[in-house]
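Participant: Handing you this structure, nothing more for now.
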Amino acid sequence: MIPKDHPRYHSLMTRERLAACAKAGIVSWEGLTAHGRGEAFDYLIGERTTPSALLSERTAAALLLSARNPLISVNGNTAALAAGEISDLQRASGARVEVNLFHRTEKRVEMIENLLRDSGVDVYTGKAERLLPLSHDRAWCRREGLFSADVVLVPLEDGDRCEVLVGMGKTVIAVDLNPLSRTARTASLTIVDELSRALPHIAQACGELSVTEQEQLIRSVDNHYYLAEAIREMTLRLSHALD
Ligand code: ATP
Numbered sequence: 000m001i002p003k004d005h006p007r008y009h010s011l012m013t014r015e016r017l018a019a020c021a022k023a024g025i026v027s028w029e030g031l032t033a034h035g036r037g038e039a040f041d042y043l044i045g046e047r048t049t050p051s052a053l054l055s056e057r058t059a060a061a062l063l064l065s066a067r068n069p070l071i072s073v074n075g076n077t078a079a080l081a082a083g084e085i086s087d088l089q090r091a092s093g094a095r096v097e098v099n100l101f102h103r104t105e106k107r108v109e110m111i112e113n114l115l116r117d118s119g120v121d122v123y124t125g126k127a128e129r130l131l132p133l134s135h136d137r138a139w140c141r142r143e144g145l146f147s148a149d150v151v152l153v154p155l156e157d158g159d160r161c162e163v164l165v166g167m168g169k170t171v172i173a174v175d176l177n178p179l180s181r182t183a184r185t186a187s188l189t190i191v192d193e194l195s196r197a198l199p200h201i202a203q204a205c206g207e208l209s210v211t212e213q214e215q216l217i218r219s220v221d222n223h224y225y226l227a228e229a230i231r232e233m234t235l236r237l238s239h240a241l242d
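Reading the sequence shown from the start, the letters are residues 0 to 242 in numbering that gives the first Met the number 0.
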């Protein structure tokens, strides 16, 4: 039992939830270590949404709203951390939601789809096929889903698939607290923010942006700027850490 007045209450509760989801088979054991890497970078950025991250979140909303066929690709960690936020974002953006897993079994896919449905997500199912040129199981997706989407939001992505999706001509929006990862550097737009903070900002912007604002944001997408700003924020915090 974690007391509510514990200074790390939110972080500890999140770990408990992920551990419970790992025991249930929703989150992979490897997913727990990926979360740890995210936590470390979140410390460095001050566990808050920076101004440049907020701008990237508004830009992500603009990209999703202007897409012909937007899609959110969900893995175990994303479902465990933010199923409700995915549901809100789906409603705000009109995006399809599909489950794609690195450590893939039919049973895990089904458990994650059920978890999402319980939070109100309309999950795109249909027949999965090995459609992406990848040797691991993230190659599996649906022809009318991820395969044909033009704008894809991929929270907590791995670098390999990100590269393949960009190579297929898709606009790839990643959420990754590590601005140095291959994913962050390869994506069309990287949001350097914690997933459960980022998604509500994107959903909110979907309800706010005019068409003119959307066009302006899309014209000025600059992934290098978002990454450079995140690194600058982290460096600044480190250099004043002991003040
Ligand atoms: P790459 O293959 O892109 O170089 P990687 O090996 O770090 O990256 P993964 O192991 O798939 O890729 O890790 C997923 C990434 O997600 C990590 O970089 C981690 O910083 C980030 N991450 C983990 N949890 C969160 C979270 N809750 N919010 C945002 N980012 C997160």
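Each residue gets a CB set at the ideal place from its N, CA and C atoms; glycine is no exception.
Taking Cβ positions, are proline 154 and leucine 188 nearer each other than 7 Å?
Facilitator: Taking the first residue of the sequence shown as position 1, residue 154 is located at position 155. Taking the first residue of the sequence shown as position 1, residue 188 is located at position 189. No. Outside cutoff.
Participant: Beta strand (DSSP E) containing serine 72: first to last residue?
Facilitator: Position 73 of the sequence shown, counting from 1, holds the residue named residue 72. 69–73 is the extent of the beta strand (DSSP E) around serine 72.
Participant: Could you check which residue in Pro2, Gly93, Ala78, Arg103 has the C-alpha nearest to that of alanine 60?
Facilitator: Locating residue 60 in the sequence shown gives position 61, where the first residue counts as 1. Checked all of Pro2, Gly93, Ala78, Arg103; the closest Cα to alanine 60 is Gly93.
Participant: Taking 6 Å as the cut-off, is the C-beta of arginine 36 nearer than that to any heavy atom in ligand 1?
Facilitator: By one-based count along the sequence shown, residue 36 stands at place 37. Arginine 36 Cβ: within cutoff of ligand 1.
Participant: For proline 199, does the three-state DSSP call read helix, strand or coil?
Facilitator: As a first step, residue 199 is located in the sequence shown; it is residue number 200 there, counting from the start. If DSSP states are grouped into helix, strand and coil, proline 199 belongs with the helices.
Participant: Quick one: what's proline 50 bridged to in DSSP?
Facilitator: Numbered from its first residue, the sequence shown carries residue 50 at position 51. The partner list for proline 50 (beta bridge, DSSP) is empty, contrary to what the question assumes.
Participant: Can you grab the Cα-Cα spacing for the pair glycine 158 / arginine 142, in whole Å?
Facilitator: Your numbering for residue 158 matches position 159 in the sequence shown. Your numbering for residue 142 matches position 143 in the sequence shown. Cα to Cα, glycine 158 sits roughly 21 Å from arginine 142.
Participant: Here's the rule I'm using: 16 or more other beta-carbon atoms within 10 Å means buried, otherwise exposed. How should asparagine 259 be labelled?
Facilitator: Residue numbering for the chain in the displayed model covers 0 to 242; residue 259 lies beyond these limits and cannot be assessed.
Participant: Buried or exposed for alanine 19, going by 16 or more other Cβ atoms inside 10 Å?
Facilitator: As a working note, residue 19 is residue 20 in the sequence shown. Taking all protein chains in view, the Cβ of alanine 19 is surrounded by fewer than 16 other Cβ atoms within 10 Å, so the residue is classified as exposed.
Participant: In terms of alpha-carbon separation, which member of Arg160, Arg231, Arg196 lies closest to leucine 179?
Facilitator: Residue mapping note: residue 179 aligns to position 180 of the sequence shown, counting from 1. Among Arg160, Arg231, Arg196, the Cα nearest to that of leucine 179 is on Arg231.
Participant: Looking at C-alpha atoms only, which residue of His102, Ser72, Thr124, Ser118 is the closest neighbour of glutamate 84?
Facilitator: On the sequence shown, residue 84 is found 85 positions in, with the first residue counted as 1. Looking at the Cα atoms, Ser118 is the closest of the given residues.
Participant: How many angstroms separate the CA atom of leucine 198 from the CA atom of leucine 241?
Facilitator: For the purposes of this step, residue 198 is taken as the residue at position 199 of the sequence shown. For the purposes of this step, residue 241 is taken as the residue at position 242 of the sequence shown. Computed Cα separation, rounded: 32 Å.
Participant: Can you tell me the Cβ-Cβ gap for threonine 185 and valine 165, rounded? I've got them flagged as a contact below 8 Å.
Facilitator: By one-based count along the sequence shown, residue 185 stands at place 186. By one-based count along the sequence shown, residue 165 stands at place 166. Right, the Cβ-Cβ distance comes to about 6 Å (below 8 Å), so this counts as a contact.
Participant: Measuring CA to CA, which of Ser238, Arg103, Glu97 is closest to aspartate 136?
Facilitator: Against the sequence shown, residue 136 aligns to sequence position 137. Ranking the options by Cα distance to aspartate 136, first place goes to Arg103.
Participant: Taking C-alpha atoms, which residue in Asp175, Arg160, Asn177 lies nearest to lysine 169?
Facilitator: Sequence index remark: in the sequence shown, residue 169 carries index 170 (1-based). Selected option, being the one with the closest Cα: Arg160.
Participant: Classify methionine 243: buried if its beta carbon has 16 or more other beta carbons within 10 angstroms, exposed otherwise.
Facilitator: A question about residue 243 goes unanswered here, because the residues of the chain that appear run from 0 up to 242.
Participant: Less than 8 Å between the CB atoms is what I'm expecting for leucine 43 and arginine 196, so what's the real figure, rounded?
Facilitator: Counted from its first residue, the sequence shown places residue 43 at position 44. Counted from its first residue, the sequence shown places residue 196 at position 197. The pair is not a contact, with the Cβ atoms about 15 Å apart (cut-off 8 Å).
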